[in-house]
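Chemist:
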């Protein structure tokens, strides 16, 4: 997974990290009762809905939503950043989706039901939902599904390299794709055939608008597969409804003024008549600056701020004109990551000592406004096949005895510790403050900490990926809440047999467990393999997981019916304005 | 006059060339590079080397500079490394926003600064002068972002008189013709939208215009006081002209020169201030474009955009110099 092809990426890579390490990233979710992959997790800790609708729902109105950044292209297959996905989810639907307000409940959307899976795990047959029309008036049917998957699988090389990230990450392209074929059986039935069984088949596709089905007529008319998206009217989003982002969702694309706003409007003919949008329109406005966004919310210029800084929560909670919306289960992880090539971190006693030295709860209180939980695994509890690992918890005495057991002392206990100088992430809202708090804890048990810092985009991400940092702060927001998305994609992927240089860690048995889990034909095998992988990580403790944060949304008190989700998979058709 | 203009235009060439060298050196000397921004976590040694080669970043610096200069001379400002979009098309989209903002800030600074300066001079040493001095000291010493947030907090959050950010209410649909909201709204015959655009301009224009306001006020005061003691002013008064006439025809006419010079110089400060103002007010202009490019070390975008800034600065100051002749007939260009 995560086949990242070099070559062009010139254009896109910008997009990539935005997504993965994203300010808030797109999608995710697991399966619930799916015929195959079952979610060990399932657990939905009652993600909160904004203000209980005690009064009757009011129809109409325009909602203005503040986002951390602008949309990138008006075609989900070309983007992987969280802002584009957040908007496009409301316009474009896939065969599968995630039950609103949950992380992991896979539901059929444009499929009439969850697919039928063959015993060998190699084919999935979908019955399609009848009588659905795209926003341009054309019919949704098997031809449209086949066209969309074929289009992405055979995308022009420059698009593969630089734009089309998720399709490559989940299936791979062209002849190398694990998606052997998508065939029309009849007008309302399609069959997917895989080369090898793929245990994330449902869970990886369900939350991502990148696997949405768009109108083939509009894609063709807008030259959507032009190798230079700058020349595709479809991707540039300047034609209005029916010309770009032409899906089947509860909202239709209306207009995009780059760097200023994107507007989507109610789809009055939505196929799911029980869930037609209440609002007339939603406008998304990018804010480069969180203080300005908070002022805009308080002034009434925006109705909903998708993300707010933990520091601002207290201000809003004391004001009855506003609400702070809990998003339920976390889908991210913040870590104290390590490179096992460097001394003294190659010594397991030292890593264990560090784990015992850290008072995770104190960081949660100081930097996350209490909205986080201490991590006890390398992935959050909502992830499929998660199990509590019983990792070391705060105990300075045990930390000291582990240091003693390591046989190291004096200068050998110096740790070079990197943090990013210019960024806030959902899983680390204040990297510098967090780094200092961690250093205090480490020095209290006998380590010496030597701080270093780099700019997030101008060196930090690239240098840590190249394995230049001994110890550093980083994390991950899920693309989908599967174990592979954290353990493999985010952390310990292999390049051939070589472990990711970022951590310089990867025993052969870990690779074997990953491979077995990824290609498991059935749920029991997958559960066993991913469980083994977690046990190996517990045994070796390659780095110290810190927290799973729960970044909230904030809204005006009269915004009702908003269903938050920890992966930002948030459909706005349930929202209405009590004004 | 024509000869003078040609000479000034020719003189601008070495200035721009020198600036291009300094800019080039400056952005290339910053730690980090665009490849790191481009690849992020996907960086591998092979990939990094490959992209550096693709972008020509592995060539010696002087060679990179010569290539850049060649492009510039053929009118090509280059492309963003990060999103592949051409600098020219991005500037076309964003410059109107910046011009509208800096224009409004300048109107605010001049429109208020000159009367305040004249007022302070007329009552020199009195309490009016004291108040004006305090205002201008505040204007010059409060950083734009603090003033910006403060204005937002009081006038938007508390009083709800004006919007916090953006160029228009996002619910408004306006067909882009010139990308100047004030113009496009009138072209569309939408007076309500025009009013909305003006409302959106007020706070950022005040925040951005505060420093030039302070400087123009001080300079006007000093220039007026300077002239007020001249013999010809006393003569004018002695022959019984009204104060107003003395002020307009004799004092201001002569006080204009330093004021206009300073106004010309403020344009540079306004363009620099736009970088911050546009971020605070989510204003879609060139300032935000430059900030993003600097964060990404997007060399060509930074170099080309700042060169365009410099060109504007030079052009405005040339206009100021030409303007002297109209303000003061004694000045001749030769």
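Protein chains in written order, with our numbering: chain A, 1 to 579; chain B, 1 to 334.
Note that beta-carbon positions come from the ideal geometry of N, C-alpha and C, so glycine has one too.
A quick note: this is a predicted structure, and the numbers were derived from the prediction, not measured.
Where DSSP assigns a beta bridge to residue 425(A), which residues make up the other side?
Modeler: Answer by DSSP bridge pairing, in chain order: 428(A).
Chemist: Between the region 444-458 of chain A and chain B, which residues of the former have CB atoms less than 8 Å from a CB of the latter, in chain order?
Modeler: For the region 444-458 of chain A, which is checked against every Cβ of chain B, the residues closer than 8 Å are 454, 455, 457 and 458.
Chemist: Would you say residue 205(B) reaches chain A, if we count a Cβ-Cβ gap shorter than 8 Å as a contact?
Modeler: So no, residue 205(B) is outside the interface.
Chemist: What is the DSSP secondary structure of residue 420(A), reduced to helix, strand or coil?
Modeler: It is a strand residue.
Chemist: Give the DSSP-derived three-state secondary structure of residue 369(A) in the structure shown.
Modeler: Looking at residue 369(A) - three-state DSSP - the assignment turns out to be coil, as it is neither helix nor strand.
Chemist: For the region 33-54 of chain B, list every residue whose C-beta sits within 8 Å of some C-beta in chain A, in sequence order.
Modeler: Within the region 33-54 of chain B, the residues whose Cβ lies closer than 8 Å to some Cβ of chain A are 33, 35, 36, 37, 38, 39, 40, 41, 42, 43, 44, 45, 46, 47, 48, 50, 51 and 54, listed in chain order.
Chemist: Tell me, please, whether the region 546-557 of chain A touches the region 361-380 of chain A by the rule of three or more beta-carbon pairs shorter than 8 Å.
Modeler: Yes, the region 546-557 of chain A touches the region 361-380 of chain A.
Chemist: Let me check understanding here. Comparing Cα to Cα, which of 328(A), 489(A), 558(A) and 85(A) lies closest to residue 578(A)?
Modeler: Among 328(A), 489(A), 558(A) and 85(A), the Cα nearest to that of residue 578(A) is on 558(A).
Chemist: Are there 16 or more other CB atoms within 10 angstroms of the CB of residue 23(A), so buried, or fewer, so exposed?
Modeler: Confidence in residue 23(A) is poor, its pLDDT being 35 and thus under 50, which makes the residue's placement unreliable; the coordinate value appears in the next sentence. With 16 or more other Cβ atoms within 10 Å, it is buried.
Chemist: Considering residue 471(A), what are the terminal residues of the beta strand (DSSP E) in which it resides?
Modeler: Element bounds for residue 471(A): 471-477.
Chemist: Taking the DSSP output, what are the residues bridged to residue 266(A)?
Modeler: According to DSSP, which records beta bridges pairwise, residue 266(A) is partnered with 251(A).
Chemist: Under 7 Å Cβ-Cβ, which residues of chain B neighbour residue 261(A)?
Modeler: Those are 170, listed as they occur along chain B.
Chemist: Take residue 33(B) as the anchor and find which of 527(A), 572(A) and 463(A) has the nearest alpha-carbon.
Modeler: It is 463(A) whose Cα lies nearest to the Cα of residue 33(B).
Chemist: On the DSSP letters alone, give me the boundaries of the alpha helix (DSSP H) that residue 264(B) sits inside.
Modeler: Note, residue 264(B): alpha helix (DSSP H), 253-280.
Chemist: May I ask you to verify whether the region 266-274 of chain A touches the region 147-155 of chain B, counting CB pairs closer than 8 Å and requiring at least 3?
Modeler: No, the region 266-274 of chain A does not touch the region 147-155 of chain B.
Chemist: Is it right to say residue 31(A) is buried, meaning 16 or more other beta carbons lie within 10 angstroms of its own, or is it exposed?
Modeler: Unreliable placement is indicated for residue 31(A), whose pLDDT of 35 sits below 50; no coordinate value is reported for it.
Chemist: What does the Cβ neighbour count give for residue 293(A), buried or exposed, with the cut at 16 atoms within 10 Å?
Modeler: Answer is buried; the Cβ neighbour count reaches 16.
Chemist: Quick one: which unbroken beta strand (DSSP E) runs of 3-plus residues sit fully inside the region 107-160 of chain A? Chain order, please.
Modeler: Whole beta strand (DSSP E) segments, 3+ residues: 123-127.
Chemist: Please name the residues in the region 224-257 of chain A whose beta-carbon is closer than 7 Å to at least one beta-carbon of chain B, in chain order.
Modeler: Within the region 224-257 of chain A, the residues whose Cβ lies closer than 7 Å to some Cβ of chain B are 230 and 255, listed in chain order.
Chemist: Can you tell me whether residue 43(B) is buried or exposed? The criterion is at least 16 other CB atoms within 10 Å of its CB, across all chains shown.
Modeler: Classification for residue 43(B): buried.
Chemist: Which residues of chain A have a Cβ atom closer than 8 Å to the Cβ of residue 71(B), listed in chain order?
Modeler: Ordered by position in chain A, no residue passes the 8 Å Cβ test against residue 71(B), which lies about 17 Å from the chain.
Chemist: So, does the region 203-210 of chain A touch the region 89-97 of chain A, judging by three or more C-beta pairs under 8 Å?
Modeler: With the cut-off at 8 Å, the region 203-210 of chain A and the region 89-97 of chain A touch.
Chemist: Within 8 Å of any Cβ in chain A, is that where the Cβ of residue 167(B) sits?
Modeler: With 8 Å as the cut-off, residue 167(B) counts as an interface residue toward chain A.
Chemist: Taking only beta carbons into account, state which residues of the region 534-568 of chain A come closer than 8 Å to chain B, listed in chain order.
Modeler: So the list is empty, because no residue satisfies the distance condition.
Chemist: Express the C-alpha separation of residue 220(B) and residue 210(B) in angstroms, rounding to a whole number.
Modeler: Using only the alpha carbons, I get a separation of about 15 Å.
Chemist: So which residues of chain B does residue 298(A) contact, with C-beta pairs closer than 7 Å?
Modeler: By Cβ distance, chain B contributes 157.
Chemist: Which of helix, strand or coil does DSSP assign to residue 389(A)?
Modeler: It is coil, neither helix nor strand.
Chemist: Is residue 198(B) closer than 8 Å to residue 174(B) when the C-beta atoms are compared?
Modeler: No. Outside cutoff.
Chemist: Which residues in the same chain have their Cβ closer than 6 Å to the Cβ of residue 403(A), if we skip the five residues on either side of it in sequence?
Modeler: Cβ within range, chain order: 353 and 446.
Chemist: Near residue 129(B), what residues of its chain come up, given a Cβ to Cβ distance below 6 Å and the 5 sequence neighbours on each side ignored?
Modeler: Contacts found: 120 and 123.
Chemist: Which bits of chain A does residue 149(B) rub up against, with CB to CB less than 8 Å?
Modeler: Going along chain A in sequence order, the residues near residue 149(B) (Cβ under 8 Å) are 291, 292 and 295.
Chemist: In chain B, what lies closer than 9 Å to residue 461(A) by C-beta?
Modeler: Those are 36, 37, 39, 40, 41, 42 and 43, listed as they occur along chain B.
Chemist: Taking all protein chains shown into account, do 16 or more other C-beta atoms lie within 10 angstroms of the C-beta of residue 360(A), making it buried, or fewer, making it exposed?
Modeler: Answer is buried; the Cβ neighbour count reaches 16.
Chemist: Extract the residue ranges of the alpha helix (DSSP H) inside the region 162-245 of chain B, only unbroken runs of 4 or more that lie entirely within it.
Modeler: Here the runs fully enclosed are 181-187, 191-228 and 231-238.
Chemist: With distance defined between alpha-carbon atoms, name the residue in 58(A), 62(A) and 82(A) nearest to residue 425(A).
Modeler: Ranking the options by Cα distance to residue 425(A), first place goes to 82(A).
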